[in-house]
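Position one of the sequence shown corresponds to residue 33 (my numbering), numbered consecutively onward.
Okay, so here's the structure we're looking at.
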Amino acid sequence: RGETIYIGAGVKMGKSELVDTIADQVVRGDDRPVFLAKPEQAMARTYQMLVGKAAGRIFHDPTIEFDEEAYDAASKLVGDKALIVDNYQFVNWDGLKEDIRYAVIAEDAQDVIIDPVTSLTAQMGSSEANEFLTGFAAELSAMAMDLDFTAYIFCHLKAPGDVPHERGGKVLSTQFAGSRAMMRSCNYMIGMEGNKDPDLTPEQRNFRDLVILEDREFGQTGRVKLWWDLHTGRFQEVK
33 RGETIYIGAG
43 VKMGKSELVD
53 TIADQVVRGD
63 DRPVFLAKPE
73 QAMARTYQML
83 VGKAAGRIFH
93 DPTIEFDEEA
103 YDAASKLVGD
113 KALIVDNYQF
123 VNWDGLKEDI
133 RYAVIAEDAQ
143 DVIIDPVTSL
153 TAQMGSSEAN
163 EFLTGFAAEL
173 SAMAMDLDFT
183 AYIFCHLKAP
193 GDVPHERGGK
203 VLSTQFAGSR
213 AMMRSCNYMI
223 GMEGNKDPDL
233 TPEQRNFRDL
243 VILEDREFGQ
253 TGRVKLWWDL
263 HTGRFQEVK
């Protein structure tokens, strides 16, 4: 608690799946409320995705028959522990931080997820966005410490100069939005790597690595291998 974790991934590399996996762990594994701000996704879809993680089923794909009985059963597992902000396509930091304060203090939510942080800078130029993220990172870190919650911040990565992320390109700290400010203020920076080359088998394309890029306190590095099961919609750790 009191820490901020910054996680970045390339386009369509499974960032949202990881968001939902963490939220599911908090709700079902820890039996606690989770605060979710996902401006790029309608609130109903966010809830639907979270219920899918709870059920180990795919509910959002129109090509897969919808199992209403399984959905209703999984909805009861989620209950009212998903605190989802209704801010589709628009998010303002001044309003969002008040929502966070309320969720933490009044609803006892100790896990706060913002996906993606770049939604906060959508109308800004690059220099203005960097200046904003410097203040945002410091303020959110101070809030996490003061109110004793964990913040998970997600972002789309800047395109690498050589191998694209979706073809197995390495994730670097400098590819994160506001990377300098985030390095100073966040406890961890974690990248998601993988290879979606269509010449690979579906199983190979669904492997992902979570790579610890920055550990502010201890300077550790590490790598965790995951595999996404297309039948359950869940990530599994590969030993």
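From the three backbone atoms N, C-alpha and C, an ideal C-beta is built for every residue, glycine too.
Open item on the list: Using the Cβ count rule (16 or more neighbours within 10 Å means buried), how would you classify proline 148?
Closed with: One-based indexing of the sequence shown puts residue 148 at position 116. Classification for proline 148: buried.
Task: Three or more C-beta pairs below 8 angstroms linking the stretch 197-206 and the stretch 172-187 - done: no
Task: Nonlocal neighbours in the same chain, by C-beta distance under 8 angstroms from proline 234, ignoring five residues either side - done: Reading the sequence shown from its first residue, position 202 is the one you call residue 234. Leu262.
Task: Proximity of valine 123 and leucine 165 at Cβ, strictly below 7 angstroms - done: Mapped onto the sequence shown, residue 123 falls at position 91. Mapped onto the sequence shown, residue 165 falls at position 133. No, Cβ-Cβ distance for valine 123 and leucine 165 is not below 7 angstroms.
Task: Cβ neighbours of proline 196 in the same chain (closer than 8 angstroms, five flanking residues each side left out) - done: As a first step, residue 196 is located in the sequence shown; it is residue number 164 there, counting from the start. Closer than 8 angstroms at the Cβ level, and outside the excluded window around proline 196, lie Gly42.
- [ ] Compute the distance between the beta-carbons of alanine 141 and leucine 115, then report whether it is under 7 angstroms.
- [x] On the sequence shown, position 109 is the one that residue 141 refers to. On the sequence shown, position 83 is the one that residue 115 refers to. It is a contact, given that the beta carbons lie within the stated cut-off.
Open item on the list: With three or more beta-carbon pairs closer than 8 angstroms as the criterion, would you say the stretch 75-95 touches the stretch 42-59?
Closed with: yes
Task: Beta-carbon proximity list for arginine 237, same chain, < 6 angstroms, skipping 5 on both sides - done: On the sequence shown, residue 237 is found 205 positions in, with the first residue counted as 1. The residues are Lys228.
Open item on the list: Taking the alpha carbon of serine 107 as the reference point, which residue from Glu97, Val117 and Ala87 has its own alpha carbon closest?
Closed with: Residue mapping note: residue 107 aligns to position 75 of the sequence shown, counting from 1. Ranking the options by Cα distance to serine 107, first place goes to Ala87.
- [ ] Could you tell me which of Glu198, Gly127 and Asp104 sits nearest to proline 230, measuring between CA atoms?
- [x] Taking the sequence shown and counting its residues from 1, one reaches residue 230 at position 198. Ranking the options by Cα distance to proline 230, first place goes to Glu198.
TODO: Closer than 7 angstroms by C-beta to proline 71: which residues in its own chain qualify, once you throw out the five before and the five after it? Chain order, please.
DONE: Indexing the sequence shown from 1 puts residue 71 at position 39. Once the five neighbours on either side are set aside, the close Cβ partners of proline 71 are Asn119, Tyr120, Gln121, Phe122, Val123 and Ser151.
- [ ] Quick one: grab the DSSP three-state call for methionine 156.
- [x] Numbered from 1 along the sequence shown, position 124 holds the residue referred to as residue 156. In the structure shown, methionine 156 sits in coil (DSSP, three-state: anything other than H, G, I, E or B).
Task: Paired residues, beta bridge with cysteine 187 - DSSP - done: Here residue 187 refers to the residue found at position 155 of the sequence shown. According to DSSP, cysteine 187 bridges with Gly40.
TODO: Indicate the three-state DSSP secondary structure (helix, strand or coil) for leucine 172 in the structure shown.
DONE: Stepping through the sequence shown from its first residue, residue 172 is reached at position 140. If DSSP states are grouped into helix, strand and coil, leucine 172 belongs with the helices.
Open item on the list: Once DSSP output is grouped into helix, strand and coil, what is the label at arginine 199?
Closed with: Taking the sequence shown and counting its residues from 1, the one referred to as residue 199 is at position 167. Residue state for arginine 199 is assigned as strand, using DSSP reduced to three classes.
- [ ] Write down the C-beta distance between phenylalanine 267 and aspartate 143 rounded to the nearest angstrom, noting that I regard them as a contact closer than 8 angstroms.
- [x] Indexing the sequence shown from 1 puts residue 267 at position 235. Indexing the sequence shown from 1 puts residue 143 at position 111. Actually they do not touch by this definition, with Cβ atoms about 17 angstroms apart.
TODO: Would you identify the three-state DSSP class for tyrosine 220, choosing helix, strand or coil?
DONE: As a working mapping, residue 220 is identified with position 188 in the sequence shown. If DSSP states are grouped into helix, strand and coil, tyrosine 220 belongs with the strands.
Task: Residue interval of the alpha helix (DSSP H) (run including isoleucine 137) - done: Locating residue 137 in the sequence shown gives position 105, counting from the first residue. Boundaries of the alpha helix (DSSP H) harbouring isoleucine 137: 125-138, taken from the DSSP string.
- [ ] Can you say whether aspartate 56 is buried or exposed, counting buried as having 16 or more other CB atoms within 10 angstroms of its CB?
- [x] Within the sequence shown, residue 56 is the residue found at index 24, counting from 1. Under this definition aspartate 56 is a buried residue.
Task: Supposed contact pair valine 243 and tryptophan 259 - C-beta distance, whole angstroms, cut 8 angstroms - done: Numbered from its first residue, the sequence shown carries residue 259 at position 227. Numbered from its first residue, the sequence shown carries residue 243 at position 211. Wrong, their Cβ atoms sit about 16 angstroms apart, outside the cutoff.
Open item on the list: Can you check which of these residues, Cys187, Gly210 and Asp131, is closest to lysine 44 by C-alpha distance?
Closed with: Looking up residue 44 in the sequence shown gives position 12. Checked all of Cys187, Gly210 and Asp131; the closest Cα to lysine 44 is Cys187.
Task: Close Cβ partners of glutamate 139 (< 7 angstroms) along its chain, the five nearest in sequence each way excluded - done: Taking the sequence shown and counting its residues from 1, one reaches residue 139 at position 107. Pro65 and Leu115, listed in sequence order.
Task: Beta carbon of glutamate 171 nearer than 7 angstroms to that of methionine 215 - done: Position 139 of the sequence shown, counted from the start, is the residue given in the question as residue 171. Position 183 of the sequence shown, counted from the start, is the residue given in the question as residue 215. Taking 7 angstroms as the Cβ cut-off, glutamate 171 and methionine 215 do not qualify as a contacting pair.
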